[in-house]
Amino acid sequence: MVEWFLYLPQSGLGVADLLERSLAAEAAGFDGVAFLDHVETPVAPESPIWEAMTVATWIAARTTTLRIGHLVLCDAFRHPAVLAKQAVTLAEASGGRFELGLGAGSLPDELAKFGFTTDGPGARITHLGETLRRVRNYWGVGDDTEPPQAPHPTHPIPIVLGGTGQRMLGLVAEHADWWNLPADKVDRMDEYLPAIGSARISVQQMVAFVKEGDDREKVDSKSRRVFGSLGAGLVCGTAPELIDYFKNLETRGAQRFYIWFSDFARLPSITEFGRSVIDAYQDSNHPER
């Protein structure tokens, strides 16, 4: 059975808005919620953005079933020993609902502007590999070249890695429970699969959801004006069309979808998507329900 996560960038929204959307997603049948991790909003630095681990902690405290994660935490923002401790603490506090999503940093200008690093992509990938090794050691499940921290996790903490470069895919094969395919690479999924080892496949997908009563042309044109650069990473459709679309991705190996709504996850979209897509999708796969 596939999993459904709401991708909820915490930029331009109040903390109360994030909670409201997360609670709506939980009620609508989403399995989890994922945030992003930046010091300033990409492309729109004037737009306020909340710190990623703090938001995740707050949402975990106010929900009961949603798994909580990120696409993805930036390796350069946190020392591995601190990151390991944060992950164990949040996993314990949430009853095992936290997943550790990590990446090497996607915006070099942001990393330099705030004094994190001026390393190039190759050096950042190398550092990410070291972080992954050290975090697992601190959790007591690695190669024991660092002293383990106490306490050890009492719940497994899945590791989610995104990216499509050759070296990143090597880290996926070595360390990841989940590999996330970025939205702008959705049409190239099949070419990456031989390199990901045993990691399960998730897909980030921008969705222009045509709800009942919506004007399809308006939904499609508005979403393409804002997010058309994603190419195949943006799909516009009614509930039946989206069900067919995601079933095709599932047949190609996808086991989780991070739904990124083009209307910035307005409550009616979350609720109707749960009813007309998630529920209907599961029912079509399990007609005995």
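Numbering (the UniProt record's numbering), first residue to last: 1 to 289. Cβ coordinates follow ideal geometry from the N, Cα and C atoms, glycine included.
Residue i - containing beta strand (DSSP E), residue span
i	result
residue 1	Element bounds for residue 1: n/a, residue is neither H nor E.
residue 32	32–35
residue 181	178–181
Three-state secondary structure (DSSP) of residue i
i	result
residue 259	strand
residue 195	helix
residue 289	Because residue 289 sits at a pLDDT of 44, beneath the cut-off of 50, its placement in the model cannot be relied upon, and the point is left open.
residue 141	coil
residue 157	coil
residue 265	coil
residue 162	strand
residue 27	helix
residue 254	strand
residue 151	coil
residue 174	helix
Residue i vs residue j beta-carbon contact at 8 Å
i	j	result
residue 30	residue 274	yes
residue 162	residue 148	no
residue 200	residue 2	no
residue 33	residue 22	yes
residue 295	residue 102	Given that the chain is displayed from residue 1 to residue 289, the structure contains no residue 295 and the question cannot be resolved.
residue 197	residue 173	yes
residue 105	residue 74	yes
residue 60	residue 93	yes
residue 205	residue 235	yes
residue 50	residue 86	no
Endpoints, alpha helix (DSSP H) assigned at residue i
i	result
residue 8	From DSSP, residue 8 is part of no alpha helix (DSSP H); its letter is neither H nor E.
residue 13	Segment: none, residue 13 is in no alpha helix (DSSP H) and carries neither H nor E.
- [ ] Report yes or no: do the stretch 117–133 and the stretch 55–69 share at least 3 C-beta pairs separated by less than 8 Å?
- [x] no
Task: the stretch 238–245 in contact with the stretch 189–196 per 3-pair CB rule at 8 Å - done: no
Open item on the list: Going residue by residue through the stretch 39–118, where are the continuous alpha helix (DSSP H) segments of at least 4 residues, counting only ones entirely within it?
Closed with: 52–62, 80–93, 108–113
- [ ] Taking only runs that begin and end inside the stretch 192–251, name each unbroken alpha helix (DSSP H) of 4 or more residues, in chain order.
- [x] 216–227, 239–251
Open item on the list: Could you check whether the stretch 138–146 touches the stretch 68–79, counting it as contact only if at least three pairs of C-beta atoms, one from each stretch, sit closer than 8 Å?
Closed with: Segments in contact, no.
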